[in-house]
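Reviewing the structure listed below.
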Amino acid sequence: MTSEANKQALSVETLLTHLGREPDDQFGFVNTPVYRGSTVLFKTLDDIESQQQRFLYGRAGNPTTEGVETIVTALEGAYRTRLVPSGLAAITIAILSCVEAGDEILVTDSAYEPGRKFADGFLARMGVTTRYYDPRIGAGLAELITPRTKAVLAESPGSLTFEIQDIPALAEVTRKAGIKLLVDNSWASPLFLRPLSLGADIVIHAGTKMFVGHSDAFAGTISTTKESWAAVEATRGALGFFTSGDEAYLVARGLRTLAIRMKEHERRTLEIASWLETQPEVSKVYHPALPSHPDHALFKRDFSGSGSLFSFTLKPAPRASVAAFIDHLSLFTMGYSWGGYESLCTPITPGRIRTAVKWTEEGNMFRLHIGLEGVDDLKADLAAAIERYARAR
Ligand SMILES: *Cc1c(COP(=O)(O)O)cnc(C)c1O
Numbered sequence: 014m015t016s017e018a019n020k021q022a023l024s025v026e027t028l029l030t031h032l033g034r035e036p037d038d039q040f041g042f043v044n045t046p047v048y049r050g051s052t053v054l055f056k057t058l059d060d061i062e063s064q065q066q067r068f069l070y071g072r073a074g075n076p077t078t079e080g081v082e083t084i085v086t087a088l089e090g091a092y093r094t095r096l097v098p099s100g101l102a103a104i105t106i107a108i109l110s111c112v113e114a115g116d117e118i119l120v121t122d123s124a125y126e127p128g129r130k131f132a133d134g135f136l137a138r139m140g141v142t143t144r145y146y147d148p149r150i151g152a153g154l155a156e157l158i159t160p161r162t163k164a165v166l167a168e169s170p171g172s173l174t175f176e177i178q179d180i181p182a183l184a185e186v187t188r189k190a191g192i193k194l195l196v197d198n199s200w201a202s203p204l205f206l207r208p209l210s211l212g213a214d215i216v217i218h219a220g221t222k223m224f225v226g227h228s229d230a231f232a233g234t235i236s237t238t239k240e241s242w243a244a245v246e247a248t249r250g251a252l253g254f255f256t257s258g259d260e261a262y263l264v265a266r267g268l269r270t271l272a273i274r275m276k277e278h279e280r281r282t283l284e285i286a287s288w289l290e291t292q293p294e295v296s297k298v299y300h301p302a303l304p305s306h307p308d309h310a311l312f313k314r315d316f317s318g319s320g321s322l323f324s325f326t327l328k329p330a331p332r333a334s335v336a337a338f339i340d341h342l343s344l345f346t347m348g349y350s351w352g353g354y355e356s357l358c359t360p361i362t363p364g365r366i367r368t369a370v371k372w373t374e375e376g377n378m379f380r381l382h383i384g385l386e387g388v389d390d391l392k393a394d395l396a397a398a399i400e401r402y403a404r405a406r
């Protein structure tokens, strides 16, 4: 995997299996091992003065973290990628790389909630204001931009409510305004959406989710165009963020099987989402790959596949019904995060955090991550839960 030309022609599956490891540097062992290290040694005065060594100090990375960065850079078609300690760190570093006191950012109303908390709390204290916009705003974003606006954060689809954002339209607005478009691409993974090719400047991943794939490590990645790289790397460096070789090893291990996992998650998820749509107790399923979804046309235009995460609403019923639904699931378990091999079901209330567009949907909403269990077993678990829900009403 050395020639650039070769890299261009290869499929994502091949990139995932062959990039980011150099057996010749590891005594022939297939995988780059966990590098643990702060100090990197120099041999001569020339060496330390010229700073030309591949690694200078552990905080800026080691062969294990660099392997992950190489893979994600290729998948996203980026200039470079930085591995950071969590998806939230990827969001905060990327935003901080764009702003100074007095600036403003625009954030989609569908954004991941801890990112909103960072903007409303930390950024506000730093003198940066945040306005939230309708995820379906598209080219209308232009009307919100002021001379103080420096960055726009998109998340497509929103990871609770699954609106698809018109990334090319947003990118045209941000390019004309000379400001940055940041996209959280955790849901689709670079397998199914490549925001940089649609005009975005910075792509963020919660590597904790699909990249790791086994619910056992935290990581985030920030991939950028050439123009956006220096500010991101300077911000990360100034804040002292570092990802350990132990975590990086688990990300690399997960990435090796990302392509086949994504396809299996997609297949099961579509089967369950379309089955849920036929259930009388279900009032709505929010999954952009379903033809019933209001953004389905946009989804088909920009995405080449879909993720494991979606939501649905059950017809109105009191809390006892929600408890009857969720407390006795036998395969779906309840907890934060997603992307692992195990299925998850959590109750959600998006109305609580929205500010730009009121969330007015009635009923009780749940978010599912469809894991790698047998799809009929998962359906049976949900069918029994829906029955309990109706009976408890
Ligand atoms: C989980 C998540 C994050 C944050 O990732 P962490 O690794 O948990 O910090 C960011 N964006 C989305 C869409 C997520 O689902």
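With positions in the sequence shown counted from 1, the corresponding number in our numbering is that position plus 13. Glycine is no exception: its CB is placed at the ideal position from the N, C-alpha and C atoms. Please read all numbers here as calculations on a predicted model, not as lab measurements.
query                                                                                                                                                                             : result
Please tell me whether D116 and T368 are closer than 9 Å, where the distance is taken between their beta carbons.                                                                 : no
Do you know how far the Cα of L23 is from the Cα of I84?                                                                                                                          : 13 Å
Skipping 5 residues on each side, what residues in its chain have a beta carbon closer than 8 Å to that of P329?                                                                  : E375, G376, N377
Which whole runs of the alpha helix (DSSP H) in the stretch 31-64 are 4 residues long or more, in chain order?                                                                    : 58-63
According to the Cβ coordinates, are V81 and T94 closer than 9 Å?                                                                                                                 : yes
Check whether the stretch 320-334 touches the stretch 167-183, taking contact to mean three or more Cβ pairs, one atom from each stretch, closer than 8 Å.                        : yes
Looking at C-beta atoms only, is the number of pairs between the stretch 252-271 and the stretch 217-225 that lie closer than 8 Å three or more?                                  : yes
Classify T326 as helix, strand or coil using the three-state DSSP reduction.                                                                                                      : strand
Under 6 Å Cβ to Cβ from P363, same chain only, skipping five residues before and after it: list those, please.                                                                    : L173, T174, W372
Pop quiz: V411 and S110 are said to be a contact at Cβ under 8 Å. What is the actual Cβ separation, rounded to whole angstroms?                                                   : Coverage of the chain is limited to positions 14 through 406, which leaves residue 411 absent and any answer about it impossible.
Tell me whether the beta-carbon of T86 lies closer than 9 Å to the beta-carbon of Y48.                                                                                            : no
Can you give me the Cβ contacts of G100 inside the same chain, cut-off strictly under 6 Å, excluding the 5 residues immediately before and after it?                              : A219, T221, G233
Ignoring anything shorter than 3 residues or poking outside the stretch 104-185, list the beta strand (DSSP E) runs there in chain order.                                         : 117-121, 142-146, 162-168
For L32, does the count of other Cβ atoms within 10 angstroms reach 16, so buried, or fall short, so exposed?                                                                     : buried
If you measure between the beta carbons of A91 and V196, is that distance less than 9 Å?                                                                                          : no
CB of I383 to nearest heavy atom of ligand 1: below 8 Å?                                                                                                                          : no
Going by other Cβ atoms of all chains shown within 10 Å of its Cβ, with 16 needed for buried, is Q64 buried or exposed?                                                           : exposed
Put Y262 into one of helix, strand or coil per three-state DSSP.                                                                                                                  : helix
Assign G74 to one of two classes, buried (16 or more other C-beta atoms within 10 Å of its C-beta) or exposed (fewer than that).                                                  : buried
Whole angstroms are fine: how far does the CA of V53 sit from the CA of R161?                                                                                                     : 42 Å
Kindly list the residues whose CB is nearer than 6 Å to the CB of A403, restricted to its own chain and excluding five residues on each side of it in sequence; keep chain order. : E294
Taking DSSP as the reference, what is the three-state secondary structure of T187?                                                                                                : helix
Could you check if G318 belongs to the surroundings of ligand 1, using beta carbon to heavy atom distance under 8 Å?                                                              : no
Spell out the partners DSSP gives P360 in its beta bridges.                                                                                                                       : F379
Look at P148 and A167 and say whether their C-beta atoms are less than 9 Å apart.                                                                                                 : yes
Just checking A339 against ligand 1 - is the residue's beta carbon closer than 8 Å to any of the ligand's heavy atoms?                                                            : Residue identity differs from the one stated: residue 339 is Ile in this sequence, not Ala. False, no ligand heavy atom lies under 8 Å from that Cβ.
Do V165 and I118 have their C-beta atoms closer together than 9 Å?                                                                                                                : yes
To which residues of the same chain is G140 closer than 7 Å at the C-beta, ignoring the five residues directly before and after it?                                               : A114, G115
I need the straight-line Cα distance from F254 to Y125, nearest angstrom please.                                                                                                  : 21 Å
Measuring alpha carbon to alpha carbon, tell me which residue in E386, K239, G353, T346 is nearest A230.                                                                          : G353
For ligand 1, any of its heavy atoms closer than 8 Å to the Cβ of L32?                                                                                                            : no
Quick one: grab the DSSP three-state call for K20.                                                                                                                                : Residue confidence is low: K20 scores 49 on pLDDT, short of 50, so the model does not pin down where it sits. Its coordinate-derived value is still stated next. Helix at K20.
If we ignore side chains and look at the alpha-carbon of each, how far apart do K20 and G267 end up?                                                                              : For K20, the pLDDT reaches just 49, beneath the cut-off of 50, and the residue's location in the model is therefore unreliable, although a value from the coordinates is still provided. Going by the C-alpha atoms only, they are around 21 Å apart.
What residue range is occupied by the uninterrupted beta strand (DSSP E) comprising K297?                                                                                         : 295-299
Given G50, which residues of its chain have a CB within under 7 Å of its CB, disregarding the five upstream and five downstream residues?                                         : G71, N75
Using 8 Å as the threshold, is the stretch 199-209 in touch with the stretch 269-276, meaning 3 or more CB pairs across them?                                                     : yes
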